[in-house]
Amino acid sequence: MQIAKYIPDELDRRIIAHLREDGRASLSKLADALGVARGTVQSRLDRLLDTGTLLGFTVRVREDYDDRSVDAVMMIEVVGKSTTQVIRKLRGLPEVRRLHTTNGNWDLIANIRAASLSDFDRVLREVRMIDGISNSETSLLLSSV
């Protein structure tokens, strides 16, 4: 049995927007900012997490914080109907910062950030070992212009 995808309402979207700005905001702070009860925020967050709408909380770091990190864009070709499985595996790699479906010759595009070249090399090997990936092409991002 397939469970219907949860579609966030306006309050859910407002909660998400506030968390994007301050992922450490307390329930009380969110409730005050949104004009709702603390319990409402708690139940909404629970539902957003339970349904997979929110995957978790993370830290955003200034782009130039670590200039030794390696950034790359990887184009990925998927075999047959294994896209969902491949996406699930890629999302499990912490170095995959963003993942996009696309049209054209490639099925997916991954934004990757690794702490070093050796970590980057490990990530490339891990990605290439995922069942369902038939081909990939990776470009290192050298500098922003």
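All residue numbers for the sequence shown refer to our numbering, where the first residue is 24 and numbers rise by one. Ideal placement from N, C-alpha and C gives every residue a C-beta, glycine not left out.
Proximity below 9 Å, CB of residue i to CB of residue j
i           : j           : result
residue 106 : residue 125 : no
residue 132 : residue 122 : yes
residue 119 : residue 156 : no
residue 94  : residue 134 : yes
residue 158 : residue 110 : no
Cβ-based burial, residue i [other Cβ within 10 Å; buried from 16]
i           : result
residue 130 : buried
residue 80  : exposed
residue 64  : buried
Beta-ladder partner(s) of residue i, from DSSP
i           : result
residue 91  : BP columns for residue 91 are empty, so no partner.
residue 54  : Its beta-bridge partners do not exist; DSSP assigns none.
residue 123 : 132
Three-state secondary structure assigned by DSSP to residue i
i           : result
residue 118 : coil
residue 106 : helix
Minimum Cβ-Cβ distance from residue i to chain C less than 9 Å
i          : result
residue 36 : Chain labels in this structure do not include chain C; a single protein chain is all it has.
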